[in-house]
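In our numbering, the protein residues as written are 10 to 418.
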């Protein structure tokens with residue numbers, strides 16, 4: 010394995026970590042943001058929905074942009090925009106500033122998520138073995154760090170700009186320096202098409218993977234938005250204990266992703282995705298039927314272990330199958346389109362569970378994402394690599410052509 014690939018992998022993992030920190034700092038301080046700008050409870054959902062919608066626009070725009078410039082360049086300049094937008098959210102005083110900052114954050118996050126995963130997919134192809142989960146493990150670690158920093162800021166009653174400024178001042182130059190070693194692993198000639206790998210005219214084969222991506226983020230948003238309320242209001246836990254499930258979920262997500270690549274190499278992506286879907290479904294069932302808070306905690310722990318493998322493997326499968334069609338740029342296009350359904354799931358998940366919980370019961374509402382995640386089993390074969398690709402006991406030889414580094418501006 011060349012030093013170019015190793016440096017590329019390390020720098021990209023750091024970018025995932027930075028994004029995890031930034032996103033956690035934003036979403037965990039939403040009450041403080043609401044208080045700072047005087048955003049009403051009625052208006053807050055509009056602001057929150059605008060971010061993933063604009064992120065979807067950013068992802069679609071990136072699909073077109075990378076036809077002319079490498080994904081590394083999109084990532085290099087979108088990450089500082091995300092960090093500066095975060096600082097803008099913390100430093101502004103008027104509602105218009107918040108709107109502009111969140112709009113910039115959303116658009117840049119869409120470009121950032123799409124380009125990061127494009128580079129991750131191409132690096133995995135160059136490595137010839139599963140490494141995609143390790144990048145998302147770095148994101149989970151960043152989320153834990155960001156949530157911890159947010160807790161410190163809230164505990165010390167720090168102003169948002171005081172809490173955000175040191176993070177931005179440290180991470181932005183570090184990310185820019187690290188971006189010098191991004192690797193664009195692009196094929197000069199398209200590979201021979203693999204029969205059955207995909208169809209021309211719109212990547213129709215991508216639809217099952219889009220469904221899995223949506224389901225995974227419905228599950229994720231259910232945990233992030235409703236775990237605390239569920240534990241406290243339904244299972245009767247204390248307010249302090251109610252804050253624990255999401256932290257446990259993040260830690261088990263990190264653990265599962267750290268070990269997940271080994272599982273893919275040993276058992277193949279289909280088996281790992283099936284196992285993840287089953288564990289997540291069991292987790293939702295345990296949460297729905299929990300007699301008390303500690304059993305509910307066990308359910309959220311299982312959810313972290315199950316859901317954590319679905320998103321990285323869905324990106325990997327989309328990039329691999331698009332590459333096998335033999336069309337130049339198909340992998341990047343597939344990743345960008347798939348990334349949009351990240352935000353679709355996020356938009357659906359929270360109001361779906363909340364609406365069902367209010368109209369029916371929160372226990373019953375947990376059975377809906379459980380049923381949806383089981384749909385993944387129907388489409389698990391979409392994750393299967395071809396026999397000469399990695400996974401399922403087959404490791405592809407390391408590719409010699411790793412494209413170019415991204416030192417040029």
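Positions of the beta carbon are idealized from the N, C-alpha and C atoms, including for glycine.
So the candidates are the options; which of them puts its Cα closest to the Cα of residue i?
| i | options | result |
| --- | --- | --- |
| residue 105 | 142, 122, 46, 159 | 46 |
| residue 323 | 40, 343, 163 | 343 |
| residue 40 | 150, 307, 99 | 99 |
| residue 365 | 233, 378, 354, 51 | 378 |
| residue 118 | 73, 90, 360, 229 | 90 |
| residue 329 | 139, 284, 259 | 139 |
| residue 121 | 24, 233, 56 | 24 |
| residue 127 | 296, 348, 275 | 348 |
| residue 107 | 358, 164, 44, 69 | 44 |
| residue 346 | 75, 30, 21 | 75 |
| residue 291 | 303, 308, 283 | 308 |
| residue 26 | 65, 96, 142, 131 | 142 |
| residue 370 | 352, 242, 166, 173 | 242 |
| residue 248 | 286, 302, 109 | 302 |
| residue 233 | 217, 251, 246, 216 | 251 |
| residue 189 | 375, 84, 67 | 84 |
| residue 447 | 258, 123, 393, 131 | Since the first residue of the chain shown is 10 and the last is 418, residue 447 is not available in this structure. |
| residue 300 | 168, 240, 391, 256 | 240 |
| residue 337 | 289, 101, 131 | 131 |
| residue 134 | 341, 68, 217 | 341 |
| residue 296 | 285, 356, 231 | 231 |
| residue 327 | 383, 285, 289, 393 | 393 |
| residue 287 | 54, 182, 380 | 380 |
Look at the alpha carbon of residue i and the alpha carbon of residue j, and state the distance between them as a whole number of angstroms.
| i | j | result |
| --- | --- | --- |
| residue 86 | residue 116 | 12 Å |
| residue 325 | residue 19 | 18 Å |
| residue 60 | residue 339 | 27 Å |
| residue 294 | residue 373 | 10 Å |
| residue 38 | residue 176 | 14 Å |
| residue 397 | residue 319 | Note that residue 397 has pLDDT 44, beneath the 50 cutoff, so the model's placement of it is unreliable and the number below is only indicative. About 23 Å. |
| residue 191 | residue 180 | 16 Å |
| residue 368 | residue 225 | 24 Å |
| residue 80 | residue 157 | 31 Å |
| residue 71 | residue 332 | 18 Å |
| residue 57 | residue 152 | 18 Å |
| residue 310 | residue 125 | 27 Å |
| residue 281 | residue 129 | 19 Å |
| residue 42 | residue 94 | 13 Å |
| residue 187 | residue 298 | 47 Å |
| residue 185 | residue 170 | 22 Å |
| residue 262 | residue 334 | 32 Å |
| residue 260 | residue 236 | 15 Å |
| residue 352 | residue 11 | 35 Å |
| residue 64 | residue 114 | 8 Å |
| residue 361 | residue 376 | 12 Å |
| residue 419 | residue 172 | Residue 419 is absent from the structure shown; the chain starts at 10 and stops at 418. |
| residue 67 | residue 391 | 26 Å |
| residue 246 | residue 215 | 42 Å |
| residue 359 | residue 276 | 33 Å |
| residue 255 | residue 54 | 21 Å |
| residue 244 | residue 258 | 17 Å |
| residue 178 | residue 30 | 13 Å |
Since residue i and residue j are thought to touch, with beta carbons under 8 Å apart, how far apart are those beta carbons, to the nearest angstrom?
| i | j | result |
| --- | --- | --- |
| residue 279 | residue 159 | Incorrect: roughly 37 Å between the Cβ atoms, too far for contact. |
| residue 148 | residue 28 | 6 Å |
| residue 32 | residue 219 | Not confirmed; about 22 Å, so no contact. |
| residue 314 | residue 265 | 5 Å |
| residue 227 | residue 363 | Their Cβ separation, rounded to whole angstroms, is 12 Å, which puts residue 227 and residue 363 out of contact at 8 Å. |
| residue 274 | residue 386 | Actually they do not touch by this definition, with Cβ atoms about 22 Å apart. |
| residue 229 | residue 316 | 6 Å |
| residue 267 | residue 146 | 5 Å |
| residue 154 | residue 289 | That pair is no contact at about 25 Å. |
| residue 96 | residue 174 | 6 Å |
Residue i: buried (16+ other C-beta within 10 angstroms of its C-beta) or exposed?
| i | result |
| --- | --- |
| residue 312 | buried |
| residue 305 | buried |
| residue 88 | buried |
| residue 321 | buried |
| residue 77 | exposed |
| residue 221 | buried |
| residue 210 | Bear in mind that the predicted position of residue 210 carries a pLDDT of just 45, short of 50, making it too unreliable to give a figure here. |
| residue 14 | buried |
| residue 22 | buried |
| residue 270 | buried |
| residue 17 | buried |
| residue 34 | buried |
| residue 217 | buried |
| residue 208 | Note that residue 208 scores 45 on pLDDT, short of 50, meaning its location in the model is unreliable; the coordinates nonetheless yield the value given after this. Looking at its Cβ environment, which holds fewer than 16 other Cβ atoms inside 10 Å, residue 208 is exposed. |
| residue 52 | exposed |
Would residue i pass as an interface residue toward chain C - the criterion being a Cβ-Cβ separation below 7 Å?
| i | result |
| --- | --- |
| residue 47 | Absence of chain C from the displayed structure is noted, only one protein chain being present. |
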